[in-house]
């Protein structure tokens, strides 16, 4: 007999509060003895990882243009061949030497986050069309009720970006640059703007 689940009410949303770092990155905050290392703080790559090494740097910036100093950023991405390190990956075998996910608290003085990773390969959209290389971002901070999801594409992938089915769905093309990381050598800079004229596109996922 099917039972009604009306008694299971959705809990009200709360901001991440000032405690998100204590819960997610206790060692970063000086709270030791819970984990040897904060989850997601270890390098995504090792000496055997396939692909082109890159460093992603950026800041989370509020509507006044001020970098947040208490943001927490996570990324996840495909490996150099376009496979995810996930049990649900059925297209092929992901690089066992690439973790594919990492977490980084923003620097408490500058707000900068830094990830040492590799440039991802192209991944198919659900209809089979190939998406441009991209990195998925999740952002949480004090004052944000629900974690924000966005993507970073690469400035040196103009042709692939032009074919990307997600970027093609963006109606206001003037906003597409908010999803493009600026590449300079091995460094890709990607600032995430929460509000204002440069507000980053966020995804409802």
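Numbering (the UniProt record's numbering), first residue to last: 1 to 205. A virtual CB, placed ideally from N, CA and C, is assigned to each residue, including glycine. Owing to the predicted nature of the structure, the values given are computational and were not obtained by experimental measurement.
Residues of the same chain with a CB within less than 8 Å of the CB of residue 44, apart from the 5 flanking positions on each side, are 98, 99, 100, 101, 102, 115, 116, 117, 118 in chain order.
Between residue 129 and residue 113, the alpha-carbon positions lie close to 32 Å from each other.
A straight-line Cα-Cα distance of about 10 Å links residue 134 and residue 82. Here the C-alpha atom of residue 123 lies approximately 12 Å from the C-alpha atom of residue 166. For residue 102, the enclosing beta strand (DSSP E) begins and ends at 101-105. Here the alpha carbons of residue 162 and residue 173 stand approximately 11 Å from one another. Residue 59 places its beta carbon less than 9 Å from that of residue 67. In the DSSP assignment, the residues bridged to residue 151 are 136.
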